[in-house]
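Q: Residues in the sequence shown are numbered consecutively from 6, following the numbering used here. By construction, the Cβ of each residue, glycine as well, lies at the ideal position given by its N, Cα and C atoms. Sharing a structure, written as structure tokens. Questions coming.
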Amino acid sequence: AIVAALRVNLTTHRSAPKPHHHSHNSEAYQYFLRGRSLSRQFAQGALKAAQLMFDQAIKLDPEYAAAYAGRAMVDATIAMHYSQNEDEADTVLANCETALRINPGLADAYATLGLYYLALADPDACIENASRAVELNPSSADAHSILGVSYLRPGDYETAYRHLKEAYALDQGVWISMMLLTSLNGVDRPDERSHYARRVLEDMRKRVQINPHDIGATFMIASAYADLGNADQARHWIAISTAFATDDARL
6 AIVAALRVNL
16 TTHRSAPKPH
26 HHSHNSEAYQ
36 YFLRGRSLSR
46 QFAQGALKAA
56 QLMFDQAIKL
66 DPEYAAAYAG
76 RAMVDATIAM
86 HYSQNEDEAD
96 TVLANCETAL
106 RINPGLADAY
116 ATLGLYYLAL
126 ADPDACIENA
136 SRAVELNPSS
146 ADAHSILGVS
156 YLRPGDYETA
166 YRHLKEAYAL
176 DQGVWISMML
186 LTSLNGVDRP
196 DERSHYARRV
206 LEDMRKRVQI
216 NPHDIGATFM
226 IASAYADLGN
236 ADQARHWIAI
246 STAFATDDAR
256 L
């Protein structure tokens, strides 16, 4: 029950950059990569740092469409999970519009719009934009994951699972892992649920070995143990994750 309650308060984490994310300015590209890396973490402090990285990338290359989309994705994540500030929502739309003005075929911008409408509880608009992102870039884990989550709300778990499984094949990130396991709770596939719970547990343990304070990874270890029926380990790891999240909120 504790794990299920916490699932709704987590942030999104994104897939690795593709070549079309390059900038003609190598320094701007390095800031972009740092922003992408930070945006994959659950900590609020890391998300705020990601905003600064994307801002610097844009400052160095004002026509850097992917950096605008990256900034919008982080803003949408913060607005969705940490605040309800209307100014932040307006910033998401403005940065997506700028990204699409520079690069009308940028899948990341449409994926971010999908997340924006997901936060507004508008699954139809979310599906429309996330589907466009998948069409533009079928290898986008962001697009598949956001599209998959959009089908969870109307209860279409089979379609959600199909897209989230595709997203997980592309990126074993925290948010995608969490949503994949969530979708499996709605389909009658106990063997696949156990299979993916074990895979998530293995992936997240590796992340914790690299960074013991990874809030998202510790949470997902708890979630995987819960899905595997190990309540003691689930309680142990959720306590660790909650302690990290409390510390982060003080930043």
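How many angstroms separate the CA atom of Val97 from the CA atom of Ala112?
A: Looking at the two C-alpha atoms, the distance is approximately 15 Å.
Q: Taking 8 Å as the cut-off, does the region 53-60 touch the region 25-32 (at least 3 CB pairs, one atom from each stretch)?
A: The region 25-32 vs the region 53-60: no contact.
Q: Short of 6 Å in beta carbon distance, which residues of its chain neighbour Gln35, apart from the five on each side in sequence? Order them along the chain.
A: Within the same chain, Gln35 has no close Cβ partners at all.
Q: Of all the options Ala84, Thr164, Ser145 and Met78, which has the alpha carbon lying nearest to the alpha carbon of Glu102?
A: Of Ala84, Thr164, Ser145 and Met78, the residue nearest in Cα terms is Met78.
Q: Within a Cβ cutoff of 6 Å, which residues of the same chain sit near Ser182, ignoring the five residues on either side of it in sequence?
A: Answer for Ser182: Val205 and Met225, listed in chain order.
Q: Taking Cβ to Cβ, would you say Ala165 is nearer than 8 Å to Gly178?
A: No, these two residues do not count as a Cβ contact at 8 Å.
Q: Whose C-beta lies closer than 7 Å to the C-beta of Val192 among residues of the same chain, with five residues either side of it excluded?
A: Around Val192: Tyr162, Glu163 and Tyr166.
Q: Between which residues of its own chain and Gln61 is the CB-CB distance below 6 Å, once the five residues before and five after are set aside?
A: Excluding residues within five positions, the ones whose Cβ falls inside 6 Å are Tyr36.
Q: Taking the straight line between their C-alpha atoms, what separation do you get for Arg12 and Gln49?
A: Per-residue confidence for Arg12 stands at a pLDDT of 38, beneath the threshold of 50, marking its modelled position as unreliable; the derived number appears in the next sentence. The straight-line gap from Cα to Cα measures roughly 16 Å.
Q: Have a look at Trp180 and Asp237 and give me their C-alpha separation to the nearest angstrom.
A: For Trp180 and Asp237, the distance between alpha carbons rounds to 23 Å.
Q: Rounding to the nearest angstrom, what Cα-Cα distance links Leu5 and Asn30 in this structure?
A: Because the chain here runs from 6 to 256, residue 5 falls outside it and cannot be looked at.
Q: Going by alpha carbons, who is nearest to Asn108 out of Leu123, Leu43, Glu133 and Leu141?
A: Residue Leu141 is the option with its Cα nearest to Asn108.
Q: In terms of alpha-carbon separation, which member of Met184, His218, Ala250 and Pro195 lies closest to Ser228?
A: Here the closest residue by C-alpha is Met184.
Q: May I ask you to report which of helix, strand or coil DSSP gives Pro195?
A: Three-state DSSP puts Pro195 in a helix.
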